[in-house]
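*Asks:*
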């Protein structure tokens, strides 16, 4: 049997981003800029670097600026070319060349599982990645590329995971898992607990916003019962998937920034800025001069 390949990546992006009000009243959270790129662009670039050929963005009402961002802007390109701003012209053009990007709508924000289900017809009968845009993973190799390489070996669903110390595990889905004998980065999942109390957490291995899922997950999502607020939880669907297939956690190399949180967003902005050749030296010097 031919090995399955991950060619598509799904971006759930229909949420209202209420934690960033008032900025997100008229702007999608996914379009908030980290330095000079919107959150979702970091994720799309990560998916493309991992070999994904098609990007599926699940949108909702008021999200058309995302579509505009990844489309061509002939007026802008004409203006930049006329002013001989060729470097900026190439940046403007590059957005529409990143990948094949398609969109589907989620009529109501009914949970992460429901958002993934909205991509069913576009994904088809093949494995796919899921990337949550507000989890920014700073990694030389790329978090999703690492996970795709692991999937190529296991041919099983894989959940991005990191060790979370202390009581912070209460803010995450948590894996009940055992390390794989051949690759300690792989964690064979036995069960999953959503936001456990510290004393009840089966491990310190938290689930982060990176997934590779086999197409059977759609059947699982359609089978689960809606939880609080009538939402379909992806975690519940993956727990059901465990009855039929192996699922692994994967301890990626890199540093994750929770850019869905205001403090995390600020930290990510600073850390990404100081890494830049064009901004880093001057920004570091300015930071040293400040007496906060």
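Numbering (the working numbering), first residue to last: 458 to 749. C-beta atoms are modelled at their ideal positions from N, C-alpha and C, and glycine is treated no differently. All figures in this text were calculated on a predicted structure; none of them were measured in a lab.
#1: What is the DSSP secondary structure of residue 527, counted as helix, strand or coil?
#2: Taking the alpha carbon of residue 460 as the point to measure from, which residue in 681, 643, 608, 642 has its own alpha carbon closest?
#3: Exposed or buried, residue 656, counting other C-beta atoms within 10 Å across all chains shown (16 or more means buried)?
#4: Check whether the segment 465 to 481 and the segment 613 to 624 touch, using three or more Cβ-Cβ pairs below 8 Å as the test.
#5: Identify every residue that forms a DSSP beta bridge with residue 663.
#6: What span of residues does the alpha helix (DSSP H) with residue 693 cover, start to end?
#7: Report yes or no: do three or more beta-carbon pairs, one from the segment 547 to 554 and one from the segment 575 to 583, lie closer than 8 Å?
#8: I'd like to confirm the pairing. Which residues does DSSP put opposite residue 515 in its beta bridges?
#9: What is the DSSP secondary structure of residue 651, counted as helix, strand or coil?
#10: Ignore the nearest five residues each way along the sequence and tell me which others in residue 681's own chain have a CB closer than 8 Å to its CB.
#11: Ignoring anything shorter than 3 residues, give me the beta strand (DSSP E) runs that lie fully in the segment 535 to 591, in order along the chain.
#12: What does residue 669 pair with, by DSSP beta-bridge criteria?
#13: So, with DSSP's three-state summary, where would you put residue 492?
#14: Using a 10 Å radius around the Cβ and a threshold of 16 neighbouring Cβ atoms, would you call residue 662 buried or exposed?
#15: Considering only the beta carbon of each residue, do residue 500 and residue 588 sit closer than 7 Å?
#16: Using only the alpha-carbon positions, how far apart do residue 582 and residue 512 sit?
#17: Give the straight-line distance between the Cα atoms of residue 649 and residue 586, rounded to the nearest whole angstrom.
#18: For a quick check, are the C-beta atoms of residue 779 and residue 613 less than 7 Å apart?
#19: Can at least three beta-carbon pairs, one atom from the segment 719 to 737 and one from the segment 482 to 501, be found at a separation below 8 Å?
#20: Please classify residue 705: does DSSP put it in a helix, a strand, or coil?
#21: Would you call the CB atoms of residue 604 and residue 707 closer than 7 Å?
#22: Note the first and the last residue of the continuous alpha helix (DSSP H) segment covering residue 741.
#23: Quick one: what's got a C-beta closer than 6 Å to residue 747's C-beta in the same chain, skipping five residues either side?
#24: Report the residue from 743, 525, 611 whose alpha carbon sits nearest the alpha carbon of residue 498.
*Replies:* Here's the rundown:
#1: coil
#2: 608
#3: exposed
#4: no
#5: 619, 631
#6: 691 to 698
#7: no
#8: 469, 561
#9: strand
#10: 570, 689, 690, 693, 694, 697
#11: 557 to 562, 585 to 588
#12: 586, 615
#13: coil
#14: buried
#15: yes
#16: 16 Å
#17: 19 Å
#18: The requested residue 779 is not part of the displayed model; the chain covers only 458 to 749.
#19: yes
#20: strand
#21: yes
#22: 737 to 746
#23: none
#24: 525
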